[in-house]
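Numbering (our numbering), first residue to last: 51 to 545.
As structure tokens, the structure follows; a few thoughts come after it.
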Amino acid sequence: MSDTAKNITDPIEARYAKLEEAKKRGMNPYAYEFKREHKAGDVQAKYKDLADGAETEDTVVVAGRIVAMRNDGMFIDIEDASGKIQIFCHKASTPAEELEKLDLFDLGDIIGVRGLVRRTPRGELSIRAKEITLLTKALHPLPEKYHGLQDIEQRYRQRYLDLIANEDSRVTLRARSKIISEIRKFIEENWDGVEVETPILHGIMGGASAKPFTTHHNALDNDFYLRVAPELHLKRLIVGGLADCVYEIGRLFRNEGISIKHNPEFTTIELYKTYTDYKDMMRLTEELVQHLAMMLYGTTKIKFGEKEIDVKAPWKRATMIDLVKEKTGVDFLTITDRDAAAAKAKELGVHVEPRWKWGEIVLAVFEDKAEADLIQPIHVIDHPLDVSPLAKTHRDNPILTERFESFINGWEIANAFTELNDPVEQRKRFEAQVAAREAGDDEAQMLDEDFVTALEVGLAPTGGWGMGIDRLVMLLTDSHNIRDVICFPTLKPKK
51 MSDTAKNITD PIEARYAKLE EAKKRGMNPY AYEFKREHKA GDVQAKYKDL ADGAETEDTV
111 VVAGRIVAMR NDGMFIDIED ASGKIQIFCH KASTPAEELE KLDLFDLGDI IGVRGLVRRT
171 PRGELSIRAK EITLLTKALH PLPEKYHGLQ DIEQRYRQRY LDLIANEDSR VTLRARSKII
231 SEIRKFIEEN WDGVEVETPI LHGIMGGASA KPFTTHHNAL DNDFYLRVAP ELHLKRLIVG
291 GLADCVYEIG RLFRNEGISI KHNPEFTTIE LYKTYTDYKD MMRLTEELVQ HLAMMLYGTT
351 KIKFGEKEID VKAPWKRATM IDLVKEKTGV DFLTITDRDA AAAKAKELGV HVEPRWKWGE
411 IVLAVFEDKA EADLIQPIHV IDHPLDVSPL AKTHRDNPIL TERFESFING WEIANAFTEL
471 NDPVEQRKRF EAQVAAREAG DDEAQMLDED FVTALEVGLA PTGGWGMGID RLVMLLTDSH
531 NIRDVICFPT LKPKK
């Protein structure tokens with residue numbers, strides 16, 4: 051390297067100087083390709099029994115990012131997605147023209163290496179470099195090696211640096227990919243599911259009670275909503291007979307708050323299967339989560355912080371009414387008058403909005419008094435009709451519905467119904483939602499005339515189910531912030 055480059059103290063300027071020096075030497079510091087023949091992890095596995103100090107004549111060709119350099123480049127650790135391996139560069143075995151390249155290298159550079167496998171006397175599997183190629187010159191220093199990337203905000207804003215520095219982040223996000231792949235496999239093999247794609251731009255907001263994002267389509271000169279749920283489109287496909295079971299894995303968008311378990315755009319799976327009801331959907335939830343835990347850990351017991359949670363089926367079932375009674379001593383089935391229920395909720399210290407109906411009051415009490423204590427898996431069943439506009443009325447109690455939510459660690463992870471398939475009743479429910487919206491409830495759903503028409507064509511008895519994949523991944527990977535399981539979470543713009 052030139053003396054000028056050696057004397058530069060600014061680390062980024064020094065890297066730029068090395069970049070120019072590489073070009074002067076006829077190198078392309080941003081290669082078009084490299085024929086890698088071996089992964090670091092595969093080399094480690096193949097030669098795991100090689101004795102300390104042993105040499106081989108086996109040639110390997112590896113490539114990866116430099117994550118450590120010692121003894122002026124004599125020892126270089128490179129890392130690829132499969133693992134790390136040490137590169138050994140020495141005048142006794144590495145050609146002089148290759149050794150001359152070492153002063154151009156920095157942590158973060160990506161190099162390709164051809165060499166012979168050996169194990170050092172100290173037991174480190176290494177590659178004796180015969181040929182070294184600079185593939186990508188890194189112009190920005192990596193996060194400090196031993197402490198990783200500690201700035202939480204930077205970890206999420208610059209996920210690429212986080213992934214380089216923190217193995218835990220790589221493990222978690224790879225586990226997410228594996229979980230999603232296994233969910234698909236499970237649904238298709240066990241439930242005959244047919245995967246479909248439905249619109250993200252909706253002309254009518256529906257399928258869930260939530261605040262939507264809005265956007266404008268210039269060519270159509272019309273406002274659209276980013277979907278808050280795919281439910282109504284998926285049920286249309288069931289009506290049409292596309293398959294007995296359809297499902298979709300995709301992003302939903304809700305213009306609501308951000309927290310450690312809420313992101314405005316998030317991933318769910320929704321499924322609808324004919325000739326099933328909400329009891330079948332409970333079985334689906336249990337069997338799927340149990341299967342995923344076994345796949346990842348070989349046991350149904352998972353750790354979340356200091357808690358041990360056993361997801362083995364069957365899970366406990368309890369009505370929302372009974373759980374509220376257990377926590378407060380109040381049986382809201384005996385207090386079905388709206389005003390009396392509101393007064394009782396206020397006695398319990400629960401805030402009640404003037405426009406809320408009986409069922410909304412019961413839900414608020416449940417969320418305030420019971421939800422956080424649901425650590426072990428449980429299906430909370432038989433929700434009030436007032437908060438379940440798309441669920442079928444309970445066959446034994448007309449003020450309740452055949453709906454459940456599954457909870458683990460105090461978090462809702464799944465929501466399912468025996469689907470409402472009576473078009474007359476569905477229209478009434480939609481009209482009640484419209485009235486609630488006009489009264490100030492900006493989460494209430496809109497009247498979807500075409501969906502009612504689809505029900506008039508005829509929806510077979512159907513069970514419907516949705517599960518939040520982000521929270522499920524959090525539970526299965528012991529991740530305590532939803533941002534840790536999303537590659538690029540939503541963040542406040544940097545000023």
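In this text, a Cβ means the ideal position worked out from N, Cα and C, and glycines have one as well.
For residue 480, I'd like the list of residues in its chain whose CB is within less than 6 Å of its CB, leaving aside the five on either flank, ordered along the chain. 497
By Cβ distance, which residues of its chain are closer than 7 Å to residue 353, with the 5 residues on each side in sequence left out? 528
Which residue wins for smallest C-alpha separation from residue 87, given the options 521, 111, 486? 111
Are residue 536 and residue 216 touching if we call contact CB-CB under 8 Å? no
Would you call the CB atoms of residue 415 and residue 384 closer than 8 Å? no
Going by beta carbon distance, what residues of the same chain come within less than 7 Å of residue 548, once the five residues before and after it are set aside? Examination of residue 548 is not possible in this model, given that the chain is present from 51 through 545 alone.
Pull up the CB-CB distance for residue 274 and residue 267, whole angstroms please, since I reckon it's below 8 Å. 6 Å
Report yes or no: do the stretch 183–194 and the stretch 300–310 share at least 3 C-beta pairs separated by less than 8 Å? no
Could I get the ranges of all uninterrupted alpha helix (DSSP H) runs contained in the stretch 322–353, with 4 residues as the minimum, in chain order? 328–347
For residue 375, I'd like the list of residues in its chain whose CB is within less than 7 Å of its CB, leaving aside the five on either flank, ordered along the chain. 381
Quick one: Cα of residue 270 to Cα of residue 303, how far? 22 Å
Would you call residue 107 buried or exposed, if buried means 16 or more other Cβ atoms sit within 10 Å of its Cβ? exposed
Mind checking whether residue 452 and residue 464 have CB atoms under 8 Å apart? no
Contacting residues, own chain, Cβ-Cβ under 7 Å from residue 123 (five flanking each side not counted): 139, 152, 155
Option in 178, 183, 68 with minimal Cα separation from residue 190: 68
In DSSP terms, what residue 151 is bridged to: Per DSSP, none; premise fails for residue 151.
Can you tell me whether residue 16 is buried or exposed? The criterion is at least 16 other CB atoms within 10 Å of its CB, across all chains shown. With the chain covering only 51 through 545, there is no way to say anything about residue 16.
On the three-state DSSP scale, how would you describe residue 260? coil
Please report the distance separating the alpha-carbon of residue 279 from that of residue 398. 33 Å
Excluding the 5 residues preceding and the 5 following residue 143 in the sequence, name in chain order all residues of the same chain whose CB lies nearer than 7 Å to its CB. 178
Note down the Cα distance separating residue 168 from residue 96, rounded to an integer number of angstroms. 12 Å
Between 58, 538, 70, 532, which has its C-alpha nearest residue 311's C-alpha? 532
Buried or exposed: where does residue 422 fall if 16 or more other Cβ atoms within 10 Å of its Cβ makes it buried? exposed
In its own chain, which residues sit with a C-beta less than 7 Å from the C-beta of residue 362, not counting the 5 before and 5 after it? 340, 350
State the Cα-Cα distance for the pair residue 489 and residue 405, rounded to the nearest angstrom. 7 Å
Residue 428 versus residue 335: straight-line alpha-carbon distance, rounded: 10 Å
Taking a contact to mean a Cβ-Cβ separation below 8 Å, would you say residue 109 touches residue 166 in this structure? yes
According to DSSP, what are the bridge partners of residue 461? 458
How many Å lie between residue 240 and residue 105 at the Cα? 51 Å
Alpha helix (DSSP H) runs wholly inside the stretch 127–202, at least 4 long, in chain order: 146–149
Tell me the residue span of the alpha helix (DSSP H) that contains residue 23. This structure cannot speak to residue 23, because the chain is shown only from 51 to 545.
Between which two residues does the alpha helix (DSSP H) harbouring residue 370 extend? 370–378
Span of the beta strand (DSSP E) around residue 66: It is not in any beta strand (DSSP E) - residue 66 instead sits in the alpha helix (DSSP H) that spans 61–74.
In chain order, what residues of the same chain have a beta carbon less than 8 Å from the beta carbon of residue 89, not counting five sequence neighbours either side? 112, 130, 131, 132, 133
Let's test the definition: count the other Cβ atoms within 10 Å of the Cβ of residue 586 and tell me whether it reaches 16, buried, or not, exposed. Only positions 51 to 545 of the chain appear in this structure, which leaves residue 586 out of reach.
Using a Cβ-Cβ cutoff of less than 7 Å, which residues in the same chain neighbour residue 538 once the five nearest sequence positions on both sides are dropped? 209
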